[in-house]
Amino acid sequence: MTKSNILNATQRETLAAIANTFVARLTPAQEETLINNTLKVPNNCFTSSQLSQFAQLDASSSDIIDRIEQKLPLTLSPKQINDFIMALNLLSYRPTSIAFTGTWTLFKDLSQTDRENVLLGWKRSSFAIFSKQLYNSLMGLCIISAYGSMETPLYKSLVYPGIEGGHAYFKQQPDYQKVNHERLHMLTTEEAKGKKKYDAIIIGSGAGGGVMAAELSKAGLSVLVIEKGKYYHQDEFDADNDEFALTCLFENGGTAPNSTGSVNFLTASTFGGGTTVNYLASIGPQQFVKEQWEQKGLPYFVSQQFEKDIESVCERIGASRENITHNQCNQKLMKGCEKLGLSAATMPQNTSGRPHHCGKCYTGCTSGIKNSTTNTFLKDAAANGAKFLDLTQVTRVLTKNNKAIGVACKIHGSTKEHYIYANTVVVSGGALNTPGLLLKSGLTNPHIGKDLRLHLSALMVAIYDDEINPSEGSLLTTVCDAFENYDGSTYGFKIECFSNGIGNYSAIVSWEGAAKHKQRVLRHRNSVTTFAMSRDMDSICNVKYDAYNKIDIDFSLSKHDGDNLKEGIVQMARIHTAAGARELHVSLSVLEPFVFEEGEESDVTNPRFLKWVESVYTQAPPTPASGHQMASCRMGTSPKNSATKPTGETWDVRNLYVADSSLFPTALGINPMVTIQAIALSVSRNIIASVQEAKL
1 MTKSNILNAT
11 QRETLAAIAN
21 TFVARLTPAQ
31 EETLINNTLK
41 VPNNCFTSSQ
51 LSQFAQLDAS
61 SSDIIDRIEQ
71 KLPLTLSPKQ
81 INDFIMALNL
91 LSYRPTSIAF
101 TGTWTLFKDL
111 SQTDRENVLL
121 GWKRSSFAIF
131 SKQLYNSLMG
141 LCIISAYGSM
151 ETPLYKSLVY
161 PGIEGGHAYF
171 KQQPDYQKVN
181 HERLHMLTTE
191 EAKGKKKYDA
201 IIIGSGAGGG
211 VMAAELSKAG
221 LSVLVIEKGK
231 YYHQDEFDAD
241 NDEFALTCLF
251 ENGGTAPNST
261 GSVNFLTAST
271 FGGGTTVNYL
281 ASIGPQQFVK
291 EQWEQKGLPY
301 FVSQQFEKDI
311 ESVCERIGAS
321 RENITHNQCN
331 QKLMKGCEKL
341 GLSAATMPQN
351 TSGRPHHCGK
361 CYTGCTSGIK
371 NSTTNTFLKD
381 AAANGAKFLD
391 LTQVTRVLTK
401 NNKAIGVACK
411 IHGSTKEHYI
421 YANTVVVSGG
431 ALNTPGLLLK
441 SGLTNPHIGK
451 DLRLHLSALM
461 VAIYDDEINP
471 SEGSLLTTVC
481 DAFENYDGST
491 YGFKIECFSN
501 GIGNYSAIVS
511 WEGAAKHKQR
521 VLRHRNSVTT
531 FAMSRDMDSI
541 CNVKYDAYNK
551 IDIDFSLSKH
561 DGDNLKEGIV
571 QMARIHTAAG
581 ARELHVSLSV
591 LEPFVFEEGE
601 ESDVTNPRFL
611 KWVESVYTQA
621 PPTPASGHQM
631 ASCRMGTSPK
641 NSATKPTGET
651 WDVRNLYVAD
661 SSLFPTALGI
671 NPMVTIQAIA
681 LSVSRNIIAS
691 VQEAKL
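Sequential numbering from 1 applies to the sequence shown in the UniProt record's numbering.
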């Protein structure tokens with residue numbers, strides 16, 4: 001592993017002490033307890049020898065400091081890195097360390113027990129926000145770095161039959177049938193510089209950009225799609241390697257906190273955008289959402305045309321409920337809902353009705369069955385003559401007389417700007433990137449980047465006695481919609497399954513000391529992770545960018561949205577308990593996990609369980625995570641209430657359009673791919689009509 005030079009020797013020593021507190025070598029007594037407890041687990045697949053070896057591994061056995069140093073530039077902005085280093089410095093010197101540890105002894109010199117108590121104090125702090133943020137940051141970095149790579153001894157010691165769960169498992173299914181797609185051609189640097197002008201340049205290749213490319217090229221326009229991420233053919237995805245996916249397919253190396261640690265966000269950065277790494281959920285918006293958007297002066301959303309657009313994109317991506325086999329995780333969600341009388345349904349998948357058993361499609365679909373934009377709309381665009389340019393950063397849109405005339409971009413890592421001209425420019429960079437590009441291009445509309453909406457999620461890990469193998473089978477095939485309007489506001493939540501490997505799982509499951517955490521990590525095989533996805537109503541949320549153009553989110557959780565997160569935790573706990581779960585863990589929360597005692601039945605009427613449920617309402621909500629961002633360049637009826645026209649064109653600059661989730665007037669409340677694609681169809685029609693009108 002290549003070493004970095006971000007940290008000095010003292011900082012590395014302090015960080016190593018922290019990492020080895022989170023992931024520690026166990027004492028003989030702790031090792032004996034771990035072995036005895038694990039061997040009693042039904043369907044246990046580990047031997048005493050394997051468990052003993054695992055017990056003696058600590059974070060340092062996995063080159064933890066080198067791994068963390070490599071992650072820092074990928075995950076954090078330069079300012080956040082400086083803050084991280086400052087925190088290590090404060091812990092490395094007695095006069096400042098005492099404020100964090102409560103003792104004159106340096107953190108690195110404390111006993112394991114005392115170091116654990118310090119970390120738990122940070123985690124549970126009600127007033128020292130900095131300490132809680134520091135805990136969350138260090139916990140995530142240390143634990144995922146230790147368990148998240150297939151190369152580490154810790155990961156290797158946890159391998160069990162079924163942990164891969166990607167293409168290898170898929171191939172074992174009797175109905176397995178791969179769909180082979182031809183490689184799309186990416187322009188070379190020379191080719192990119194060879195053509196000076198196109199009819200249309202589309203920035204971004206995700207749900208919106210893919211549809212725009214297909215429709216505009218079908219209309220006879222010359223089209224160039226520019227993507228800052230890398231194009232991967234299906235044969236280049238590593239289905240069993242979460243580290244590959246997080247590093248290569250997502251912004252910031254995966255889930256990243258904003259600068260204040262008040263929200264975590266996840267967004268794709270690869271050719272095909274979110275459609276390459278999403279969970280195949282293919283569903284349109286609820287009727288009440290369409291009516292709310294119509295009330296904002298946007299009649300398109302209650303029109304027959306919008307319904308036709310939804311049907312059209314669903315047909316192209318093969319949205320279907322046929323041949324869906326629920327894996328154990330989705331079966332547990334469905335079972336719990338049925339026992340409680342809650343509404344739950346099968347989620348349509350963009351598989352054209354083909355059987356699909358890949359539990360790792362968030363690493364890219366190696367079978368080619370998932371109909372991402374790469375395998376559908378962008379393939380159509382290529383057939384129509386569209387050109388593709390990956391690994392290229394658009395720095396600004398070129399304008400003249402308030403009209404878009406092209407883009408300035410840095411091709412394939414070049415530090416020099418290159419100009420490519422076009423009659424029309426479409427920005428489809430997603431709700432976090434699109435506002436920044438518009439602002440850098442000189443647009444001044446005050447709504448750009450303002451009132452960003454998020455799907456705010458609380459995550460829960462439920463541990464069962466059953467063999468679950470959470471990485472096997474299709475990822476998200478069940479949705480509980482019983483609470484989407486539970487308080488009458490229409491801003492409720494849905495409950496869905498979340499697939500994760502050992503690395504993410506180990507960071508989500510509760511840490512209450514190294515010994516307990518190691519026992520819980522060994523239960524990955526028995527785990528089901530779900531999330532309650534809330535429709536953000538009124539949290540303060542704006543996109544901003546630091547001096548290095550790194551995305552940040554100015555976020556403050558509202559009472560309504562915080563209460564939603566709490567209710568989501570309660571309802572997930574009830575569903576899992578009804579389905580037979582034995583342990584309940586809430587991610588990024590001060591809540592103690594709930595554990596049913598040996599011989600105690602999993603029962604939602606259990607007095608201890610009911611007392612724990614009451615404690616959820618009295619505690620602060622967990623730090624939310626968001627995989628869906630929307631409404632940062634919302635469409636509307638006037639520049640006084642929106643950043644873009646109902647046509648998708650910006651109010652500031654003619655022939656400059658937006659076609660992604662940032663157009664949404666509000667948060668959506670359901671997985672957004674289909675809605676983005678339908679709106680992109682509408683925007684493409686508006687562009688084509690404008691081009692045809694200009695020719696008259």
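Ideal Cβ positions, reconstructed from N, Cα and C, are used throughout, including at glycine. This one's a predicted model, so the numbers in the text were calculated from it and none came from an experiment.
As for any alpha helix (DSSP H) of minimum length 4 sitting wholly inside the region 528 to 613, the runs are 559 to 578, ordered along the chain. Rounded to whole angstroms, the gap between the alpha carbons of Ser632 and Leu454 is 10 Å. Put simply, the backbone Cα of Ile679 is about 35 Å away from that of Ile508. Put simply, of Met635, Pro95, Ala532 the residue whose alpha carbon is nearest the alpha carbon of Pro435 is Met635. Under the Cβ criterion (8 Å, minimum of three pairs), the region 496 to 511 does not count as touching the region 401 to 415. Secondary structure of Leu221 (DSSP, three-state): coil. The three-state reading of DSSP puts His455 in strand, counting E and B together. CA-CA distance, His524 to Lys79, rounds to 35 Å. Going by C-alpha positions, Lys123 is about 35 Å away from Cys358. In terms of Cβ geometry, Gly368 and His181 form a close pair [threshold 9 Å].
In the DSSP assignment, Thr424 falls outside any alpha helix (DSSP H) and lies within the beta strand (DSSP E) extending over 418 to 427. With respect to the 9 Å criterion, Val427 and Tyr198 are not classified as neighbours on the basis of their beta carbons. With contacts defined by Cβ atoms closer than 9 Å, Ala256 and Gly229 do not form a contacting pair. Scanning Thr478, Asn323, Gly336 for the CA closest to the CA of Pro174 turns up Asn323.
Under DSSP, Pro257 forms a beta bridge with Asn264. Bridge partners of Ala319 according to DSSP: Asn350. Residue environment analysis places Met139 among the buried positions, since at least 16 neighbouring C-beta atoms fall within 10 angstroms of its C-beta. Taking 9 Å as the cut-off, the beta carbon of Val225 is found closer than this to the beta carbon of Lys387. Here Leu432 carries a coil assignment [DSSP, helix/strand/coil]. Taking the CA atoms as reference points, Ser48 sits about 6 Å from Ile35.
In the DSSP assignment, Cys361 falls outside any alpha helix (DSSP H) and carries neither an H nor an E. Comparing alpha-carbon positions, the option among Met533, Gly274, Thr346, Met572 lying closest to Val616 turns out to be Met572. The alpha-carbon separation between Glu116 and Val595 amounts to approximately 21 Å. For Arg124, the enclosing alpha helix (DSSP H) has its first and last residue at 112 to 124.
Remark: three or more beta-carbon pairs, one from each stretch, lie closer than 8 Å, so the region 523 to 539 and the region 561 to 568 are flagged as touching. With respect to Asn371, Thr346 sits apart: the two C-beta atoms are not nearer than 9 Å. Residue range 287 to 294 is occupied by the alpha helix (DSSP H) that includes Lys290.
Counting only the Cα atoms, Leu663 lies some 22 Å from Ala422.
Looking only at Val528, Lys494, Met86, the smallest Cα-Cα distance to Gly473 is reached by Val528. Ranked by how close their Cα comes to the Cα of His585, the residues Ile448, Leu459, Leu476 have Leu459 in first place. With 16 or more other CB atoms across the displayed protein chains lying within 10 angstroms of its CB, Val23 is buried. In its chain, beyond the 5 residues on either side, Val302 have a beta carbon closer than 7 Å to the beta carbon of Glu291.
Non-local beta-carbon contacts of Asp554 in its own chain, meaning distances under 6 Å to residues more than five positions away in sequence, involve Asn542, Lys544 in chain order. A Cβ-Cβ distance of about 4 Å is found for the pair Leu74 and Gly253, placing them in contact under the 8 Å criterion. As DSSP reads the structure, Cys480 sits in a beta bridge with Ala344, Ile495. Taking 9 Å as the cut-off, the beta carbon of Ser92 is found closer than this to the beta carbon of Thr14.
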